[in-house]
Amino acid sequence: MNPRRILAAALLACLAASAAAQEPFRVADIRLQGLQRVSSGTVFNLLPVNVGDDLDGFTLRQLTRSLFESGYFDDIQMLRDGDVLVVKFQERPAIESIELEGNKAIKSEDLLKGLAEQGLREGEIFKQATLELVGIGLRQQYIAQGRYDAGIETDVKELPRNRVGIKIEIDEGKSSGVRHINIVGVTEFEQSELLEALELKHPTWFSFIGGKDRYSREKLQGDMEKLESWYQDRGFVEFRPLSTQVSVAPDKRSVYVTINIKEGDRYTVGDVSLIGELSDVKPEQVESMFLVREGQQFSRALVTATEERIGAAFGNAGYTFASASGVPEVKEGGIVDVKFIVDAGKRAYVRRITFAGNAMTEDHVLRRELRQMEGGWASTQMIDLSKVRLDRLGFFENVNVETPAVPGTDDQVDVDFTVEEIPTGSISATLGYAEYSGLIIGGSYMQENVGGSGNSVGVSVSFSDYQKAANFSYRDPYYTMDGISRGFNIFARETDYHARNIARYATDAVGTGVNFGFPIGETRRLAIGARAEYTHIREGRFAAGEISEFIQAEGDTFVNYKLEGTWSRTTLNRLMFPSRGTAQRLIAELAVPGSDLEFYRVTYNGQVYIPLFNPLTLHLRTQLGYGNTFGDSNTYPFYEHYYAGGHGSIRGYENSTLGPRTTPISGSFFYRPDGDPIGGNMLIETSAELIFPMPFIDSGLARPMFFVDAGNVFNSNCPTTSVNCFDFTPDVIRVTTGLAVQWITGMGPMTFAMTLPLNSKPGDEEERFSFEMGHNF
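Per this note's numbering, the sequence shown starts with residue 492, numbered consecutively.
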């Protein structure tokens, strides 16, 4: 048969069916055809027609429109088979997969979440219009980040069973740099003053740190708020930002920013008043918190600080929902009155305290750190202090707290802590070779949170040419419910110090000890311990005269009983990578009468973190140490000396090589011309570090720093026969500078340092590059 006749016959049949469907009729049944994933129940819910209803052409068109609006179908046909309504569907394909390629500035999980919110996710019905809108919106998002040459390409691949795969190829382009910023309307200040207050910066040699010369719409919006605050802090109450214009260079790599402002007049504070509901708090108590005074130049910062002080004071008294707002009222003659409106609200109580995210750490370990109690007033100060104490445990990367109101009440809150755990156990292994130590094989295990209990345990074993050692330690931070801690350790070691770059002698030592810690406040702690040590000294071949003289005077085997007291104070905001606060530790050690040797050591270690202008932090560290004899002992034991050099000390020099040295031994084929390091009884070390963000890496896990180290060890009791021994003099202080990076990785904590010694002397053993690594799990 002729194909044209077949096509014509089919067309006539369709027209006839369609025409029949347009004639009014009463529905005897409804038949659905072509459905694959959309259920019949869904369709019947969308169809406003039932068996027995009368239908005509107008009603059918409404039904068709209603079904199309659901977005499930590409084509719908309304047909009639007698009095049966036949609906034929062609479903839109479902999304089988979504593939992203080329995105780095925006994480894939964030992109997929955004796509899902727009209706593009695996398993959903595919809509081409939605994909096109998503592509436009995604490019706008990159433009908002200053990536004006970003490009988005989408590809839809048809798959079997009416499915599609979506591939989104992203060319993120380059971030546009700020070429110039112009502020129009400035009359009272220099432009340079205002530009210093902005996050966006003109390009400089160091602007790559933190990407300050990289443009983004978010930064510009933030800078407009900073400008407003800057002016209002200087009395310009009516300052207003008018508009911004951003011009993009033809190469799309640079932008020119113009900011239009209206400065207004400068105002002085007139009357300062207080109104509102203060509950049981006296007005005089609130007024004493005012930082705004009559006759001052108006400052929005002082108004905000006063609001925060009032809010914190009420919050500490249990008025969690208290509000305080300082409202300026402009008067004639350059005067502005400030009215503080306070509403204490009801005193709130804590219904429940919960923890989330502590998969390993047990709840009671966290709960014992809390200072806010269930059933008590909701104190802002106690809640914040509880958060700080959880941060200081060192078990978590982040600790967040929220205080949602209890639904249906106006005087109860829950306190919800969310923590993000980090590895608290570490396994470190050492395999290496050094000129003076030979092959080194060692390993250690340390767990600060055993089984989630908060207790710590450490085991280390090492074998090398210079030492064979084993150590076990255990600490329970809450031996009693009052926070008294108990710890003990056992050790045994055999050490050849000459193979470790130190003087020619060896020791065999075993010992054990126990200690108890007592809290004496939120930030201070006192620990007292006792231990017994057995030490045997073995002279090496060609031993130095200093060592031989000591053995002749005091012997070579000692049993010493030591008492140790430790005072510590810490206000660090967190244990891992703190950014503010101080930490101090003073350790006094005494070999008591009855020991073979009678001596003492006092060591101080202090550090402070000072936030500078964002995002820089200054870290200062000082370590001081002094030891001497008393009673029947005349010579301080050389094997108890302090040493300097290496990581945690004076970077840029080999470990333990600074300070006094032994008198060179003639007749030996293998000796240092200037003698071997032997340390001293006096230690002075100090360090300054300027910490800045690590580009492109989460600053919570990595931080680089510029540093300057200075210090040395000295001997205040130099033997008369020593030629390389010296007491403290400024000219022997060693100074180094360099760049270091501390990094918490999946392989463990890493530390890199590149150092330049500034005043090294002949015979110093320099170490320009150093690296340390452990393995965390």
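Every residue gets a Cβ at the ideal spot worked out from N, C-alpha and C, and that includes glycine.
As the structure is a computational prediction, the values presented were derived from the model and not from experiment.
Reduced DSSP category for residue i - H, G, I as helix; E, B as strand; rest coil
| i | result |
| --- | --- |
| residue 741 | coil |
| residue 1027 | strand |
| residue 900 | coil |
| residue 855 | helix |
| residue 536 | helix |
| residue 1222 | helix |
| residue 938 | strand |
| residue 1258 | coil |
| residue 1192 | coil |
| residue 1217 | coil |
| residue 633 | helix |
| residue 1251 | coil |
| residue 924 | Residue placement at residue 924 is poorly supported in this model, since its pLDDT is 40, which falls under 50; the coordinates are not used for a value here. |
| residue 758 | coil |
| residue 912 | strand |
| residue 894 | coil |
| residue 1138 | coil |
| residue 468 | Past the boundaries of the shown model lies residue 468; the chain is included only from 492 to 1268, so the question cannot be answered. |
Exposure of residue i, with buried meaning 16 or more beta-carbon neighbours within 10 Å
| i | result |
| --- | --- |
| residue 683 | exposed |
| residue 493 | Note that residue 493 scores 49 on pLDDT, short of 50, meaning its location in the model is unreliable and no value can be drawn from it. |
| residue 1260 | exposed |
| residue 1233 | buried |
| residue 792 | exposed |
| residue 994 | buried |
| residue 723 | buried |
| residue 776 | exposed |
| residue 1114 | buried |
| residue 741 | exposed |
| residue 766 | exposed |
| residue 1178 | buried |
| residue 524 | exposed |
| residue 514 | exposed |
| residue 1167 | buried |
| residue 1213 | buried |
Same chain, Cβ closer than 7 Å to residue i, five either side skipped, listed in chain order
| i | result |
| --- | --- |
| residue 1256 | 1144, 1145 and 1148 |
| residue 876 | 862 and 1013 |
| residue 719 | 730 and 732 |
| residue 1160 | Low confidence applies here, because residue 1160 scores a pLDDT of 47, under 50, leaving its location unreliable; read the following figure in that light. Result list for residue 1160: empty, nothing under 7 Å. |
| residue 909 | 847, 848 and 891 |
| residue 542 | 518, 519, 520 and 521 |
| residue 873 | 862 and 863 |
Proximal residues to residue i (C-beta, below 6 Å), its chain only, five neighbours per side dropped
| i | result |
| --- | --- |
| residue 982 | 962 and 1002 |
| residue 734 | 751 |
| residue 1205 | 1171, 1173, 1218 and 1219 |
| residue 880 | 860 |
| residue 639 | 667, 739 and 743 |
Spatially closest choice to residue i from the options, by CA coordinates
| i | options | result |
| --- | --- | --- |
| residue 632 | 648, 580 and 601 | 601 |
| residue 661 | 653, 646, 1097 and 650 | 646 |
| residue 1009 | 978, 953 and 627 | 978 |
| residue 1132 | 1151, 1171 and 1121 | 1171 |
| residue 1202 | 1141, 901 and 1077 | 1141 |
| residue 1169 | 1220, 853 and 997 | 997 |
| residue 657 | 592, 665, 946 and 548 | 592 |
| residue 581 | 664, 803, 654 and 1064 | 654 |
| residue 781 | 794, 968, 964 and 769 | 794 |
| residue 1215 | 1242, 1200, 1154 and 1063 | 1154 |
Same chain, Cβ closer than 8 Å to residue i, five either side skipped, listed in chain order
| i | result |
| --- | --- |
| residue 559 | 567 |
| residue 904 | 811, 839, 840, 841, 842, 869, 894, 895, 896 and 897 |
| residue 686 | 672, 674, 692 and 693 |
| residue 926 | Note that residue 926 has pLDDT 40, beneath the 50 cutoff, so the model's placement of it is unreliable and the number below is only indicative. Answer for residue 926: no residue qualifies. |
| residue 825 | 756, 757, 758 and 759 |
| residue 1107 | 1181, 1182 and 1183 |
Closer than 9 Å to chain C by CB, residue i
| i | result |
| --- | --- |
| residue 680 | Looking at the structure shown, chain C is missing, and only one protein chain is on hand. |
Meets three-Cβ-pair contact criterion under 8 Å: the segment 1113–1130 and the segment 1044–1064: yes
Check whether the segment 1080–1098 touches the segment 666–684, taking contact to mean three or more Cβ pairs, one atom from each stretch, closer than 8 Å. no
Stretch-stretch touch, CB-based, cutoff 8 Å, three pairs: the segment 843–850 with the segment 782–792: no
Using a Cβ distance threshold of 8 Å, determine whether the segment 1097–1115 contacts the segment 1069–1088, with at least three qualifying pairs required. yes
Is the segment 860–868 in contact with the segment 951–959, if contact means three or more CB pairs nearer than 8 Å? no
Determine contact between the segment 1014–1027 and the segment 1047–1061, defined as no fewer than three beta-carbon pairs at a distance below 8 Å. yes
Within 8 Å, do at least three Cβ pairs link the segment 797–816 to the segment 835–844? yes
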